[in-house]
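Numbering of the sequence shown is given in this note's numbering, commencing with residue 2 and proceeding in unit increments.
Quick reminder that beta carbons are idealized off the backbone N, C-alpha and C, glycines included.
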Amino acid sequence: MSSSLSEQNQAGRAWIQAFYDKMGSDTFDIESWYNEFFQVDATLTHNSAPAIKGLNDICAHIVGNRARQSAKYVVKHVDVVPNRIYTEIDALITLKNDPQKMKIILSGLAVFHKKTDESKLSALRTYVDSTPLMERIRAIS
């Protein structure tokens, strides 16, 4: 592997780690996070749901999720190619209304549409089986 490819991989991995570290922070600032990592008109797509586009809609979606749950992220694997970053993650979810505060592990794949020479993503697609989360929601409802 050439030195520049190695540097691109290291930079991509560092960018991903910063993305998830800030997203999982207890002092999460959604607008600062969005402005640091997303292009103005970026899109966010979960599984086969319709895409969510832009600052207001993406922030509203994330804030809505964070009102119901907290999450920490473990980056398991990262592959960096010139126009994408592929990541495997485990999200450790705790529902805020869960009296037992049970940790739910959701494993997923995220595809970041981001060129190696750019600092912000244009699109993010996530693929996660949320069955364990839905089962826990039903159990405590």
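Which stretch, first to last residue, makes up the alpha helix (DSSP H) that contains residue 120?
First-last for residue 120: undefined, no H or E at that position.
Provide the residue span of the alpha helix (DSSP H) that contains residue 29, from first to last.
Element bounds for residue 29: n/a, residue is neither H nor E.
Between 99, 95, 113, 112, which lies nearest to residue 105 when the distance is taken from Cα to Cα?
Of the candidates 99, 95, 113, 112, the one whose C-alpha sits nearest the C-alpha of residue 105 is 95.
For residue 112, which option in 6, 48, 34 has the closest C-alpha, if you only look at C-alpha atoms?
For residue 112, the nearest C-alpha among the options comes from 48.
Pick helix, strand or coil for residue 23, following the three-state DSSP scheme.
Of the three classes helix, strand and coil, the one that applies to residue 23 here is helix, per DSSP.
According to DSSP, residue 41 sits in a beta bridge with which residue or residues?
None; residue 41 has no bridge partner.
Under a three-way DSSP split, which group does residue 5 fall into?
Of the three classes helix, strand and coil, the one that applies to residue 5 here is helix, per DSSP.
Going by the beta-carbon positions, is the gap between residue 90 and residue 77 smaller than 9 Å?
A contact, by the Cβ cut-off of 9 Å.
Rounded to whole angstroms, what is the Cα-Cα separation between residue 40 and residue 121?
Those two C-alpha atoms are separated by around 5 Å.
Would you mind giving the Cβ-Cβ distance between residue 17 and residue 79, rounded to the nearest angstrom? I have them listed as a contact below 8 Å.
Contact flag correct, Cβ pair sits at about 5 Å.
Spell out the partners DSSP gives residue 132 in its beta bridges.
DSSP, once it has assigned bridges, lists no residue as partnering residue 132.
By alpha-carbon positions, which one of 117, 132, 110, 20 ends up nearest to residue 37?
Among 117, 132, 110, 20, the Cα nearest to that of residue 37 belongs to 20.
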